[in-house]
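Engineer: Below you'll find the structure I mean.
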Amino acid sequence: MDKIRQEGLKLPFSTIKLVIDFCGVSKDPDAALKIFRHNRTLCGSISKFKLMVLYSSLLRTLTKCSRCPDALEVLDEMILNGICPDIQTFSGLMDHFAKQGDIKNVQKIFGMVRQSGIEPDTYMFKVLIHGYCKCDRAALALRVFEDMRNSKLLPDSSTKELLVKSLWKEGRRREAAMVEESCEEINESLPIALRGHIWTVSSANLTQVYNVYASTFTSSCDPTANGEG
Numbered sequence: 006m007d008k009i010r011q012e013g014l015k016l017p018f019s020t021i022k023l024v025i026d027f028c029g030v031s032k033d034p035d036a037a038l039k040i041f042r043h044n045r046t047l048c049g050s051i052s053k054f055k056l057m058v059l060y061s062s063l064l065r066t067l068t069k070c071s072r073c074p075d076a077l078e079v080l081d082e083m084i085l086n087g088i089c090p091d092i093q094t095f096s097g098l099m100d101h102f103a104k105q106g107d108i109k110n111v112q113k114i115f116g117m118v119r120q121s122g123i124e125p126d127t128y129m130f131k132v133l134i135h136g137y138c139k140c141d142r143a144a145l146a147l148r149v150f151e152d153m154r155n156s157k158l159l160p161d162s163s164t165k166e167l168l169v170k171s172l173w174k175e176g177r178r179r180e181a182a183m184v185e186e187s188c189e190e191i192n193e194s195l196p197i198a199l200r201g202h203i204w205t206v207s208s209a210n211l212t213q214v215y216n217v218y219a220s221t222f223t224s225s226c227d228p229t230a231n232g233e234g
């Protein structure tokens with residue numbers, strides 16, 4: 006990188022991002038931080054969106070390398086600089102801290118989501134419910150479930166079943182029955198699995214792609230579309 010800078014060469018933005026991502030695979034968080042801090046200018050001026058993407062790649066690398074304090078510091082820096090993480094990045098961070106049993110930071114990050122004005126999607130709610138249940142905090146998972154229903158969103162079948170099982174395990178049988186009853190009338194409408202992926206693809210992204218392909222397929226199978234019938 007130093008040689009590239011000395012010779013006045015430029016690198017594509019995608020190359021800088023790829024190198025930061027690779028640092029996560031090779032477990033070299035210090036190199037990722039150095040590249041982000043000192044070498045991101047090698048691709049020229051960076052738009053706000055591209056800077057958000059680089060921040061997201063760095064956060065993912067830091068969490069992969071178990072550098073949680075650094076990840077939180079970078080997240081705070083990002084927000085102070087007026088760069089708001091996207092919903093996938095928030096979901097990825099919450100999933101990571103939930104797996105570490107760090108409920109305090111899960112709640113802190115979810116608070117940031119609320120403050121940023123981002124509306125949680127079905128996949129983010131799923132990440133939260135699964136995270137809380139794995140940490141034996143079914144009461145918090147139930148609160149998320151209620152927020153989800155108030156937002157007119159549905160959990161998938163596996164999330165509902167996990168919540169019921171967790172509530173039952175913690176002796177909250179009345180609450181478990183309430184969840185079952187609230188989903189009883191719409192049980193057939195519950196999706197088998199919610200589409201999405203932490204860090205990269207939101208549920209809304211995949212639903213949009215699915216709808217485009219589904220409508221195209223429907224049109225191609227409609228006899229009237231080809232002037233038949």
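Using this note's numbering, read the sequence shown as starting at 6 and increasing by one per residue.
Just so you know, even glycine gets a beta-carbon here, dropped at the ideal spot from N, CA and C.
1) How many angstroms separate the CA atom of G136 from the CA atom of M99?
2) Would I108 pass as a contact of C73 if the rule is Cβ separation under 8 Å?
3) For D126, count neighbouring C-beta atoms within 10 Å of its own C-beta (all shown protein chains included) and say buried if the count is 16 or more, exposed if not.
4) Tell me the DSSP secondary structure of R72 in three-state form.
5) Pick helix, strand or coil for S61, following the three-state DSSP scheme.
6) Three-state secondary structure (DSSP) at L158?
7) Using a Cβ-Cβ cutoff of less than 6 Å, which residues in the same chain neighbour C138 once the five nearest sequence positions on both sides are dropped?
8) Quick check: the Cα distance between K131 and G97, rounded to an integer number of angstroms?
9) For a test of the three-state rule: what should DSSP assign to G122, helix, strand or coil?
10) Just to check my reading of the structure: L47 and K8 have Cβ atoms closer than 8 Å, yes? What is that Cβ distance to the nearest angstrom?
11) Excluding the five sequence neighbours on either side, which residues of its own chain have a C-beta within less than 7 Å of the C-beta of V58, listed in chain order?
12) Taking the alpha-carbon positions, what's the R177 to A143 distance?
13) Under a three-way DSSP split, which group does K15 fall into?
14) Could you have a look at I21 and say whether DSSP puts it in helix, strand or coil?
15) Are there 16 or more other CB atoms within 10 angstroms of the CB of E186, so buried, or fewer, so exposed?
16) R148 to T68, Cα distance in whole Å?
17) Whole angstroms are fine: how far does the CA of I134 sit from the CA of T66?
Structural biologist: Based on what the coordinates show:
1) Within the sequence shown, residue 136 is the residue found at index 131, counting from 1. Within the sequence shown, residue 99 is the residue found at index 94, counting from 1. Rounded to the nearest angstrom, the two C-alpha atoms are 8 Å apart.
2) Numbered from its first residue, the sequence shown carries residue 108 at position 103. Numbered from its first residue, the sequence shown carries residue 73 at position 68. Contact: no.
3) Position 121 of the sequence shown holds residue 126. Buried, by the Cβ-count rule.
4) Numbered from its first residue, the sequence shown carries residue 72 at position 67. Three-state result, R72: coil.
5) Numbered from 1 along the sequence shown, position 56 holds the residue referred to as residue 61. Helix, per DSSP.
6) To locate residue 158, count along the sequence shown from 1; it is residue 153. Coil at L158, not helix or strand.
7) Along the sequence shown, one-based indexing puts residue 138 at 133. If we look at C138 and ignore the five residues flanking it on each side, its Cβ neighbours are A146, L167 and S171.
8) Here residue 131 is taken as the residue at index 126 of the sequence shown, counted from 1. Here residue 97 is taken as the residue at index 92 of the sequence shown, counted from 1. K131 and G97: Cα-Cα distance of roughly 12 Å.
9) Taking the first residue of the sequence shown as 1, we reach residue 122 at position 117. Coil, per DSSP.
10) Residue mapping note: residue 47 aligns to position 42 of the sequence shown, counting from 1. Residue mapping note: residue 8 aligns to position 3 of the sequence shown, counting from 1. At roughly 11 Å, the Cβ-Cβ gap does not stay under 8 Å, so L47 and K8 are not in contact.
11) Within the sequence shown, residue 58 is the residue found at index 53, counting from 1. Same-chain partners within the cutoff: K22.
12) On the sequence shown, position 172 is the one that residue 177 refers to. On the sequence shown, position 138 is the one that residue 143 refers to. The straight-line gap from Cα to Cα measures roughly 9 Å.
13) As a position in the sequence shown, residue 15 is number 10, starting the count at 1. Note: K15 maps to coil in three-state DSSP.
14) Position 16 of the sequence shown, counted from the start, is the residue given in the question as residue 21. Three-state DSSP puts I21 in a helix.
15) The residue you call residue 186 lines up with position 181 of the sequence shown. E186 should be labelled exposed.
16) What you label residue 148 is simply residue 143 of the sequence shown in a count that begins at 1. What you label residue 68 is simply residue 63 of the sequence shown in a count that begins at 1. If you take the alpha carbons of R148 and T68, they lie about 26 Å apart.
17) Within the sequence shown, numbered from 1, the residue matching residue 66 stands at position 61. Within the sequence shown, numbered from 1, the residue matching residue 134 stands at position 129. Taking the straight line joining both Cα atoms gives about 24 Å.
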